[in-house]
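K.L.:
Sharing a structure below in structure tokens format, with a few things to ask.
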Amino acid sequence: MKIDYLIVGQGLAGSLIAWQLLERGKRILVVDRDEEVTSSKVAAGLVTPLTGLRPGITPAFEERLLTAKKFYWDAEETTGARFFYHLPIAKLFRDETEAEAWLSSDTSEGKPLHPYLAPLGLTPGLLHSEHGGLKMNGGGWLNVPVFLEATRQHLLERAAYAIGRVNADEVTTSQTSAHWRNIEASKIIFAEGWRSRSNRFFDWIKMHSALGDILEVRIPALTGLSEIVNRGAWLLPLGGDRFKTGSNYRHNVTSTIPDETGRTGISGKLKTVTPLPFEIIGHQCAVRPIIRRSQIFCGIHPAYPTIAYFNGLGSKGVVNGPWHAARLAAHLIDSEPLPQEADIRGNLI
Ligand SMILES: Cc1cc2nc3c(=O)[nH]c(=O)nc-3n(C[C@H](O)[C@H](O)[C@H](O)COP(=O)(O)OP(=O)(O)OC[C@H]3O[C@@H](n4cnc5c(N)ncnc54)[C@H](O)[C@@H]3O)c2cc1C
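Everything in the sequence shown is counted per this note's numbering, starting at 3 for the first residue and increasing by one.
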């Protein structure tokens with residue numbers, strides 16, 4: 003079978019590049035291991051415009067945010083599925099220092115509010131809001147598992163999806179094509195998440211594993227809450243009295259069997275967000291693929307012109323991924339340069 007691109011992995015990365023290449027009329031096949039637990043299947047999927055100690059947004063990040071929202075809305079329209087939710091975020095300050103940094107930089111002395119920020123109305127007693135907070139607009143939530151399933155259906159309808167494991171050791175290459183089993187592709191794009199650590203083509207890229215835990219909880223007294231809450235830890239409303247909450251970074255832990263350490267850690271964090279009683283009804287954890295500080299790396303292998311890479315989506319993959327996938331597609335098809343910091347050829351690490 004002769005195709006343009008074989009994409010290895012249908013997590014967020016593989017899905018995003020698949021959409022771009024299909025849109026450009028390319029013949030693709032996506033092969034995925036169909037694992038029950040992956041970073042994309044567990045991810046919270048939060049889209050947070052402003053993070054850090056002071057509110058601020060760079061023009062580059064804003065462009066990525068707008069690209070991401072447009073991409074997900076377009077994909078919803080194409081597939082008829084619903085996975086992107088435009089939700090406000092209640093940003094609660096953890097202490098006076100944080101409150102001062104956020105308020106003085108934007109809302110004090112009668113200055114206009116940052117376009118992403120607005121006053122926050124709070125019902126006393128429901129959340130730990132003793133230091134105040136702000137309402138952050140422009141963000142939301144990607145229900146990543148629903149997006150992945152809608153993408154899988156979209157690919158299946160085009161005979162462009164298969165379950166399987168592509169072992170890099172079985173891949174052979176020439177100057178013009180790469181082969182895996184009976185497939186001949188102009189390029190093979192590896193989008194394997196953290197598993198690429200053992201891929202012979204890319205084991206030189208320093209991938210950090212950072213396990214993250216997420217709990218699903220019931221909080222009856224917060225029934226009907228319509229905002230994501232962020233107070234270091236976050237609380238995501240799923241409807242009724244159900245919420246997701248997390249997360250943490252457990253470096254060098256790669257077992258995805260939920261354990262007491264993760265459960266206790268996230269429960270403790272949730273107690274800093276709300277004083278209300280909660281019941282834990284679910285616990286999942288997965289390994290994030292992190293390169294440097296969540297820097298996306300992509301492009302064509304420096305020694306194998308028919309082998310490519312898309313990885314390192316990290317903790318902001320939902321926002322940064324669509325913009326980088328579009329850049330990677332333009333690079334592969336039209337030889338457009340990649341952003342220097344993302345190009346694996348310019349970053350031999
Ligand atoms: C607890 C947690 C919370 C998170 N929260 C957020 C968040 O709020 N916002 C955000 O933007 N990001 C978040 N993330 C990060 C997000 O999950 C990642 O950025 C993104 O999902 C990574 O996608 P990926 O496709 O690179 O990797 P993966 O999701 O790991 O996908 C790789 C896919 O490739 C398959 N695969 C691997 N090797 C092979 C092979 N050889 N052959 C065939 N298939 C293969 C795997 O089975 C998998 O399906 C979170 C992650 C975790 C763990």
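Backbone N, C-alpha and C define an ideal beta-carbon position, used for all residues, glycine too. Keep in mind it's a predicted model, so treat the numbers as computed, not measured.
Is there at least one non-hydrogen atom of ligand 1 closer than 8 Å to the beta-carbon of residue 320?
P.N.:
In the sequence shown, the residue the question calls residue 320 occupies position 318. Indeed, a heavy atom of ligand 1 lies less than 8 Å from the Cβ.
K.L.:
Please report how far the alpha carbon of residue 308 lies from the alpha carbon of residue 135, in whole angstroms.
P.N.:
Taking the first residue of the sequence shown as position 1, residue 308 is located at position 306. Taking the first residue of the sequence shown as position 1, residue 135 is located at position 133. Whole-angstrom Cα-Cα distance: 51 Å.
K.L.:
Can you give me the Cβ contacts of residue 174 inside the same chain, cut-off strictly under 6 Å, excluding the 5 residues immediately before and after it?
P.N.:
Here residue 174 refers to the residue found at position 172 when the sequence shown is read from its first residue. Excluding sequence neighbours, residue 174 sits near 181.
K.L.:
Inspect the CB distances between the stretch 56-64 and the stretch 124-131 and report whether three or more fall short of 8 Å.
P.N.:
Too few Cβ pairs lie closer than 8 Å, so no.
K.L.:
By DSSP's criteria, residue 293 is part of a beta bridge. Which residues make up the other side?
P.N.:
As a first step, residue 293 is located in the sequence shown; it is residue number 291 there, counting from the start. Paired residues: 209.
K.L.:
Which parts of the stretch 216-278 are runs of the alpha helix (DSSP H), unbroken and 4 residues or longer, counting only runs that do not cross its ends?
P.N.:
Listed in chain order, they are 262-273.
K.L.:
How would you write the range of the beta strand (DSSP E) that residue 77 sits in, first residue to last?
P.N.:
Locating residue 77 in the sequence shown gives position 75, where the first residue counts as 1. Counting along the chain, residue 77 falls outside any beta strand (DSSP E), though it belongs to the alpha helix (DSSP H) covering 61-81.
K.L.:
With residue 189 as the anchor, note down where its alpha helix (DSSP H) starts and where it stops.
P.N.:
Residue numbering aside, residue 189 sits at position 187 when the sequence shown is read from its first letter. Premise fails: residue 189 lies in the beta strand (DSSP E), 185-192, not in any alpha helix (DSSP H).
K.L.:
I'd like to check one pair, residue 77 with residue 323: are the Cβ atoms closer than 9 Å?
P.N.:
As a position in the sequence shown, residue 323 is number 321, starting the count at 1. As a position in the sequence shown, residue 77 is number 75, starting the count at 1. Their beta carbons are not under 9 Å apart, which means residue 323 does not touch residue 77 by this criterion.
K.L.:
Any idea which residues DSSP pairs residue 345 with across the strands?
P.N.:
Numbered from its first residue, the sequence shown carries residue 345 at position 343. Paired residue(s): 300.
K.L.:
Which one of 154, 123 and 120 has the shortest CA to CA distance from residue 18?
P.N.:
The sequence position of residue 18 within the sequence shown is 16, counting from 1. With distances taken between Cα atoms, residue 18 lies closest to 154.
K.L.:
Measure from the alpha carbon of residue 103 to the alpha carbon of each residue in 292, 54, 146 and 73, then state which is nearest.
P.N.:
Counting from 1 along the sequence shown, the entry for residue 103 is found at position 101. Among 292, 54, 146 and 73, the Cα nearest to that of residue 103 belongs to 54.
K.L.:
Using the Cα positions of residue 98 and residue 301, report the straight-line distance between them to the nearest angstrom.
P.N.:
In the sequence shown, residue 98 corresponds to position 96, counting from 1. In the sequence shown, residue 301 corresponds to position 299, counting from 1. Spanning the two alpha carbons is a distance of roughly 44 Å.
K.L.:
Cβ of residue 300 within 8 Å of any heavy atom in ligand 1?
P.N.:
By 1-based counting over the sequence shown, the position of residue 300 is 298. No; taking the cut-off as 8 Å, the Cβ of residue 300 has no heavy atom of ligand 1 nearer than that.
K.L.:
Among 246, 291 and 290, whose alpha-carbon lies nearest the alpha-carbon of residue 1?
P.N.:
Any question about residue 1 goes unanswered here, given that the chain covers just 3 to 351.
K.L.:
With 16 as the cutoff for other CB atoms within 10 Å, does residue 138 come out buried or exposed?
P.N.:
For the purposes of this step, residue 138 is taken as the residue at position 136 of the sequence shown. Buried: at least 16 other Cβ atoms inside 10 Å.
K.L.:
Would you decide whether residue 34 is buried or exposed? Buried here means 16 or more other CB atoms lie within 10 Å of its CB.
P.N.:
Within the sequence shown, numbered from 1, the residue matching residue 34 stands at position 32. Buried, by the Cβ-count rule.
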